[in-house]
Amino acid sequence: MKRGDQRPIAVRDEGSLLVLCMVLVVVSILVVFPILEFGIGVTRANRVAKSRSVAAEAVKGGLRTALADPRSLYRACGSSTPSTPLALAGPGLTTSVSTTCAKVGESQATDSGRYGSATTMVGALVPAEAGRQYPGSGGNAVAAWYSNGNATLAPASNTIWLPPMPQRVVTERASTGFAMPSVFGACTVFFPGVYNDPITLTAAGMVFFASGIYTFTNTVTIEGEVDVVMGDGALQGCATDYEAATYALDAPSQHGISGLGATFILSGAGRLTIRAPLASGTARVRFNQRYVTESMLLSDSSAGVSLMSANGALDQDSAWVSLEKPGVLSVPKPTMLDSQQTSGLAPSTMVAQNPLPAGGALVDIDVTGAQAADIQISGYVVVPQGAVSIKAAAATKANKSVRLNGGATAAMFDVSVVRPGTFVLDIVNPIVQRTFKLVSTATAGTAVTSTAVVIVNQNGAYAIKSWTVQ
């Protein structure tokens, strides 16, 4: 090209470029923005789902917290109703939860209609206020109380219950018990077995007899500012069966724990003495009701029994025979469910006499002192050749409670004219099962509610009947 030549230069079409940009903007709006909006929506939905998931787990924690201690729940919510629910402690999470309980139903123990109080010695009467009295108590026919169908091996209507001797743990145990770790406080535990040495529980502190069957051939003395619970169950001790078996220091490998609650068998010179002699403090001695499972066939007769004596006598050949005091007392030898159960067992030598000498009672409860006393025997007391003595004093009776809630059969009752402030000798059919509606609600963030219907037994067993979280 020569200098000076001029040719037209191509000029871009600025209008087309603008159109192209506008197309790209429109495409971005139509494609990118929806994607962004979708992403924002997904993120928002995830936040909501996470918030709901957190709230749902929190309200589930409300139910789990309530069921962490079912026996306390059983007691605490017993007075609640659907219209007056009771507030419970929450799970203590970051998400606040409000939990309430309302009792919607309850069931009593099955009542066989058996006699709740009876005496077997001629001339011995049942205390006037005792319930369900055997009408033949104190009669002149010494064997009438157990003959002609008046006594049965299992509880039955209008009969005296004379249970067979249950299968026992025959391992001999030391009379000192086993200490629990310091985290349990001053807590001593005992395990089922045979105790041949005297047991004395007088030091301030707590004592727990793990669930099962005990045989005592010597005196068990409980007195002073003590808190003693026999067997696991509705009445809480310083330990549970599981804790005793797991944590007791130097505990035996064969602990012998069975069922729930405890049965004491008084054999030979065995007797139970409970006293409240101090000027202050409280003596608490309480038996939990004895429960066994259907598979425990040889121990089934211990169900519902708290105290029983080894009845009968030994003849000149050391054979077990009926106890016969002509014209005064007749008691058959026990029915044995297991032929080996005579090992380490002997007929009770604490045979009742009228008048009763000092120290002559098989079961001796003395609350004449100033000290407060809470004595509760939830199961049956069946000691047909021994005496049950209960003494109180007019000046100090107000703070005394002696309750034989399972009734009692004894050769005689030696009860002072002055009764304890609270005195029960009868079959008290307890409420053994309650149904609760437990509602836990998240009080912050997403509104989520847990609603559960739970059946709780007196002994702490429970079942969740229904549970919804919404």
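Numbering (my numbering), first residue to last: 914 to 1383. Heads up, the beta-carbon is just placed ideally off N, CA and C, and yes, glycines get one too.
query = How would you write the range of the beta strand (DSSP E) that S1353 sits in, first residue to last?
reply = Element bounds for S1353: 1344-1355.
key: Contact belief for S1261 with L1275 at Cβ below 8 Å, rounded distance in angstroms   = Yes, they are in contact, since the Cβ atoms of S1261 and L1275 sit about 7 Å apart, within 8 Å.
inquiry  = Give me the residue from N1131, V1234, V1139, G1172 with the minimum Cα distance to A1189.
reply    = For A1189, the nearest C-alpha among the options comes from V1139.
query = If we ignore side chains and look at the alpha-carbon of each, how far apart do D1228 and S1235 end up?
reply = Taking the straight line joining both Cα atoms gives about 9 Å.
Alpha-carbon to alpha-carbon, K1350 and K1238 = The straight-line gap from Cα to Cα measures roughly 58 Å.
task = Whole angstroms is fine: what's the gap from L1191's alpha carbon to I1135's?
result = One C-alpha to the other measures close to 12 Å.
query = Can you tell me where the beta strand (DSSP E) with R1199 in it begins and where it stops?
reply = Taken as a continuous stretch (DSSP letters only), the beta strand (DSSP E) holding R1199 covers 1195-1200.
The stretch 992-1006 touching the stretch 1036-1049, judged by at least three CB pairs closer than 8 Å = Segments in contact, no.
message = Taking 6 Å as the limit between beta carbons, can you name the residues of its chain near V1296, skipping five residues before and five after?
response = Within the same chain, Cβ atoms closer than 6 Å to the Cβ of V1296 are found at S1222, L1275, A1323, the five residues on either side in sequence being excluded.
query = Can you find at least 3 beta carbon pairs, one from the stretch 1013-1033 and one from the stretch 1314-1328, that sit closer than 8 Å?
reply = The stretch 1013-1033 vs the stretch 1314-1328: in contact.
query = Per DSSP, V1361 is paired with what?
reply = Answer by DSSP bridge pairing: none, since V1361 is not bridged.
message = Alpha carbons only, please: which of P1048, A1067, V1294 is nearest the one belonging to P1076?
response = Out of P1048, A1067, V1294, A1067 has the C-alpha closest to the C-alpha of P1076.
message = If distances are taken between C-alpha atoms only, which option among G1052, L1185, T1159, V1367 comes closest to T1130?
response = The option with the nearest alpha carbon to T1130 is L1185.
Buried versus exposed, by CB contacts within 10 Å (16 or more), L933 = Flag for L933 reads exposed.
task = Look up C883 in the DSSP assignment and say whether it is helix, strand or coil.
result = Only positions 914 to 1383 of the chain appear in this structure, which leaves residue 883 out of reach.
inquiry  = For the pair the stretch 1361-1380 and the stretch 968-976, tell me if three or more CB-CB distances fall below 8 Å.
reply    = Three or more beta-carbon pairs drawn from the stretch 1361-1380 and the stretch 968-976 are found closer than 8 Å, and the two stretches are therefore classed as touching.
The stretch 1086-1106 touching the stretch 1152-1163, judged by at least three CB pairs closer than 8 Å = Taking one beta carbon from each stretch, the stretch 1086-1106 and the stretch 1152-1163 have 3 or more pairs nearer than 8 Å; the two touch.
task = Just mark D1213 as buried or exposed, buried being the case when its beta carbon has 16 or more other beta carbons within 10 Å.
result = With 16 or more Cβ atoms within 10 Å of its Cβ, D1213 is classed as buried.
Identity of the residues DSSP links to Y1204 by a beta bridge = Y1204 is bridged to L1173.
request  = Keeping to the same chain, check which residues put their C-beta closer than 6 Å to that of Q1021; ignore five residues upstream and five downstream.
outcome  = Contacts found: N1342, I1344.
key: Expected contact under 8 Å - CB spacing of V1331 and A1311 to nearest Å   = Not confirmed; about 11 Å, so no contact.
query = With distances taken between CB atoms, is the gap from A1169 to G1125 smaller than 8 Å?
reply = The sequence shown places Gly at residue 1169, rather than the Ala named in the question. With respect to the 8 Å criterion, G1169 and G1125 are classified as neighbours on the basis of their beta carbons.
query = Span of the alpha helix (DSSP H) holding S985?
reply = Secondary structure note for S985: its alpha helix (DSSP H) is the uninterrupted segment 983-989.
message = Between the alpha carbons of L937 and S1379, how many angstroms are there, rounded?
response = L937 and S1379: Cα-Cα distance of roughly 59 Å.
ask   = Excluding sequence positions up to five away, which residues of its chain have a Cβ less than 6 Å from the Cβ of T997?
value = Cβ neighbours of T997 beyond the five flanking positions: none.
inquiry  = What would DSSP say about C1151, mapped onto helix, strand or coil?
reply    = C1151 falls in the coil class under three-state DSSP.
query = Per DSSP, M1325 is paired with what?
reply = Partner(s): A1300.
query = Counting pairs of beta carbons, one from the stretch 972-989 and one from the stretch 1285-1305, are three or more of them closer than 8 Å?
reply = Inter-segment contact for the stretch 972-989 and the stretch 1285-1305 is absent: fewer than three beta-carbon pairs are separated by less than 8 Å.
ask   = Are there 16 or more other CB atoms within 10 angstroms of the CB of P1105, so buried, or fewer, so exposed?
value = So P1105 counts as buried.
DSSP-derived helix/strand/coil call for G975 = In this structure, G975 counts as helix in the three-state DSSP scheme.
key: Cβ-Cβ separation, P1111 to T1132 (assumed contact under 8 Å), whole Å   = That pair is a contact at about 5 Å.
key: Rounded separation between F1121 and V1367 - CA only   = If you draw a straight line from the Cα of F1121 to the Cα of V1367, it comes to about 29 Å.
request  = Mind checking which residues open and close the beta strand (DSSP E) that includes I1290?
outcome  = The continuous beta strand (DSSP E) containing I1290 extends over residues 1285-1290.
request  = Using alpha carbons as the reference points, say which of A1054, G1257, Q1383 lies closest to L1179.
outcome  = Answer by Cα proximity: G1257.
ask   = Alpha carbon to alpha carbon, what distance is there between T978 and E1019?
value = When rounded, the separation of the alpha-carbon atoms in E1019 and T978 is 22 Å.
One or two residues paired with V1234 in a DSSP bridge = Partner(s): A1226.
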